[in-house]
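Undergrad: Structure incoming, see below.
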């Protein structure tokens, strides 16, 4: 019970999760001197810190979003000592460059997982279980109703939908978060069905993924099309961020069929509220079995839950015999990202 | 279950009526008639009496999914639908089911009613092991009696009409009574729905009612009435009664009373049934059932005591005396007279009713006025009289089907709802499309005037409807931010939001903390301009209370 006698390695402060002996924050939501960033989604990587630490693979997106920041890069697994605390970053399987933060101090190990998922999708390194005394987990989909289809089954569904629309002469507009999900879809979809068109927000991130060696099929921006009224558009798969829904950008695709990709689409009420023809259940967060598996694999006796179904997960883990508590954070404000 | 679950998925995935029609038509044409018979029943809104008590089903889900009761409750509240919660929590089945819908109903689901819980659990475990997630959902919907997919009865009727290649109105007639709770549709019943036009369609020698003709709301100002409607003498004008719309069918020596929900309510109203025996053979009346005492209509709440019970005892009969206020004649001497103009039907109605001496039968009186302004003045008495306003029926109108305007029109000219400004104090998550959003609210009024010290908010009404999706989203966010306490699915919130509530009436109630019950409360608008201390107080309601 080493962890019980030593002071906590991570505590919640108004600025964010803080490591007192190392004097740094993890994904802070207010400006601080030193920030360790788990991944480049906007609720985790914010503006205004003096110094950032992140993985090599995160650099492209961080710089694209935050501009000219002071960024120190680490390879996955490479140790760095900060004020006597050993810090290393390990794959979280969430999006390109996403990492869990392992902190070791006087023989005590804590891991802050940021956001993570267990399914492999080929666009980022798969989640790596890291043994620790204390694990900090998310709980975005912390209810047993959430069980994801496999990547293969999901890709089949998307291909079948796209093919049917293409045969009916309708563009297939798939709304998805531009960073992470769009690239997962592109990487796994069958590009022989028809042309692929992407919104500018998606195109920028495709370039970053390709630079990191992730294979993506050709996908053009609308501005790159030689003929914006090309009839081939009626057979296209169109990837756009949810914010594009209902905007004039959509008009060029005529009478299209639309769908939305998100873990929330598992529930019929959420699907109907979204007002699209089809919902694909696809998340870059772990489902309920995934959360349980990840927590178990760490061997941690103590677990902090940061966001999502916090109370449920805390109670569940306590009933499983773990010491479970919650941290209040500002993560996961944007439902669209999940 | 496979083919029906597939049909459900198709209907659920589109908002296009044409796509839905095509999907149903395709299913009806291919499915075995016995399966199609049940499909029509469910699609058109039929609900068999509850097959499995909800408690038994909940226990089954918890056991089968291996989750503790509290985690089941959390899951249920996030999903907002018991059948869907079952589908999402249960372990994945093997998808090997090959039984048709009729066999599912007759061999499996219907026999569950009344079985001991342990038998139900054992059977359900076997049944669900064969179903995939989509099939589990549809099957559980049939079990819970909450099957609903975005098709109207009218759309089902149109799909059947295409299959049968007969007029949809004929099919609508054949469909009357089809979705009765006790109905057990079979292949022969379906064959009848899609049969070629026959003599039987012409002479409906059975107890079936006609499709009800429905009114449209009239909401234009008084100044436009003469311009749009012409003079009042072109209209048959009556009070709009607040009761149960019903058809009394007298054929073959028997009486059938049908409510507008196409439910047979004959047994709930034995005195009307007795009265109707005196009508001649082949007569169908349209009208309103109301509780009538001291020569006046009584609040709707009293009528409800007649419904929702299997047998109506002498005490209820005596305490809640009803009358049938007749206002239309649909069949006379065995002849369908719906195509006759309104004034002609009314004249014959008066004749038919005049020949029956029974206080249970009353003619809905006609109202007259030299001008719309004069009628509007009369309409002001509506609340005192216990009616909702006036009905305006074009004197030349035929009796149409549903909400058609092709054969003339009926307008309902209702008085404005009563309204109060109330404070939101509790919120609960909604169901279906509103699952996991806080959409069901409890509202409170002050228990004293502004100058009273330490006055408090007392709950007066619950309301769910009236806000736009965008407003719901905003209120949901505020509820989450201002939560004070959580009691299961309910949150108490810091009182900050004021809403204008509309309601149709008010009655004293010992069951409500405030001492009053509001009829049909709903949100009229969000008063973002009002701080909570400007909300109304309970004593302000007293002016509307019946003496």
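Protein chains in written order, with our numbering: chain A, 2 to 339; chain B, -17 to 529.
Glycine residues also receive a C-beta, built at the ideal position from the N, C-alpha and C atoms.
#1: The alpha helix (DSSP H) spanning residue 55 of chain B covers which residue range?
#2: Name the chain B residues whose beta carbon is nearer than 9 Å to that of residue 278 of chain A?
#3: Answer yes or no: do residue 560 of chain B and residue 524 of chain B have a C-beta to C-beta separation smaller than 7 Å?
#4: Where do the ends of the alpha helix (DSSP H) carrying residue 273 of chain A lie?
#5: Going along the chain, which residues of the stretch 407 to 419 of chain B sit with their C-beta nearer than 9 Å to a C-beta in chain A?
#6: Quick check on residue 168 of chain A: buried or exposed, where buried means 16 or more other Cβ atoms within 10 Å of its Cβ?
#7: Give me, in chain order, the residues of the same chain whose beta-carbon lies closer than 6 Å to that of residue 64 of chain B; leave out the 5 immediate sequence neighbours on both sides.
#8: So residue 168 of chain A is in the alpha helix (DSSP H); what residue range does that whole segment cover?
#9: Rounded C-beta distance between residue 203 of chain B and residue 353 of chain B? I'm assuming under 8 Å.
#10: Would a C-beta distance cut-off of 7 Å place residue 438 of chain B and residue 451 of chain B closer than the cut-off?
#11: What would DSSP say about residue 13 of chain A, mapped onto helix, strand or coil?
#12: Identify whether residue 251 of chain B lies in helix, strand or coil by the three-state DSSP scheme.
#13: Between residue 83 of chain B and residue 33 of chain B, what straight-line distance do the alpha-carbon atoms span, to the nearest angstrom?
#14: For residue 47 of chain B, which residues in chain A fall below 8 Å Cβ to Cβ?
#15: For the stretch 47 to 71 of chain B, which residues have a CB atom closer than 8 Å to at least one CB atom of chain A, in sequence order?
#16: Give the residues of chain B in contact with residue 273 of chain A, contact being defined as C-beta atoms less than 7 Å apart.
#17: On the DSSP letters alone, give me the boundaries of the beta strand (DSSP E) that residue 396 of chain B sits inside.
#18: Determine, for residue -14 of chain B, whether the minimum Cβ-Cβ distance to residues of chain A falls below 7 Å.
#19: So, residue 65 of chain A versus residue 38 of chain A, is the Cβ gap smaller than 7 Å?
#20: On a CA-only basis, which of B:526, B:416, B:247 and B:160 is nearest residue 453 of chain B? Give me that one, please.
#21: If we count the other Cβ atoms within 10 Å of its Cβ and call it buried at 16 or more, is residue 361 of chain B buried or exposed?
#22: Taking 7 Å as the CB-CB cut-off, is residue 315 of chain A touching chain B?
#23: Could you give the distance in angstroms between the alpha-carbon of residue 89 of chain A and the alpha-carbon of residue 57 of chain A?
#24: Is any beta-carbon of chain B found at less than 7 Å from that of residue 268 of chain A?
#25: Kindly give me the distance between the Cβ atoms of residue 22 of chain B and residue 167 of chain B, rounded to whole angstroms, as I take these residues to be in contact under 8 Å.
#26: In whole angstroms, what is the alpha-carbon distance linking residue 469 of chain B and residue 408 of chain B?
#27: Taking just the CA atoms, how far does residue 367 of chain B sit from residue 312 of chain B?
#28: Go through its chain and collect everything with a Cβ distance to residue 60 of chain A's Cβ below 8 Å, but skip five positions before and after it.
#29: Comparing alpha-carbon positions, which option in B:503, B:18, B:59 and B:144 lies nearest residue 3 of chain B?
#30: Starting from residue 126 of chain B and walking both ways along the alpha helix (DSSP H), at which residues does that stretch end?
#31: Is residue 444 of chain B close to chain C? Criterion is C-beta to C-beta, closer than 7 Å.
#32: Who pairs with residue 482 of chain B in a beta bridge, going by DSSP?
#33: Expressed to the nearest angstrom, what Euclidean distance is found between the alpha-carbon atoms of residue 206 of chain B and residue 320 of chain B?
#34: Three-state secondary structure (DSSP) at residue 2 of chain A?
#35: Tell me, to the nearest whole angstrom, how far the beta carbon of residue 331 of chain A is from that of residue 44 of chain A; I am working on the premise that it is less than 8 Å.
#36: Using the beta-carbon count (16 or more within 10 Å), is residue 198 of chain B buried or exposed?
TA: Judging by the given coordinates:
#1: 51 to 61
#2: -5, -4 and -3
#3: What is shown of chain B runs -17 to 529, which leaves residue 560 of chain B out entirely.
#4: 269 to 275
#5: 412, 413, 414, 415, 416, 417, 418 and 419
#6: exposed
#7: 126
#8: 152 to 168
#9: Actually they are not in contact, since the Cβ atoms of residue 203 of chain B and residue 353 of chain B sit about 14 Å apart, beyond 8 Å.
#10: no
#11: strand
#12: coil
#13: 16 Å
#14: 145
#15: 47, 49, 50, 52, 53, 56, 57, 60, 61, 62, 63, 66, 67, 70 and 71
#16: 415
#17: 392 to 396
#18: no
#19: no
#20: B:416
#21: buried
#22: no
#23: 13 Å
#24: yes
#25: 7 Å
#26: 10 Å
#27: 28 Å
#28: 72, 74 and 98
#29: B:144
#30: 115 to 126
#31: Of the protein chains in the structure, A and B, none is chain C.
#32: B:403 and B:507
#33: 30 Å
#34: Bear in mind that the predicted position of residue 2 of chain A carries a pLDDT of just 45, short of 50, making it unreliable; the figure below should be weighed with that in mind. DSSP places residue 2 of chain A in coil when its eight states are reduced to three.
#35: 7 Å
#36: exposed
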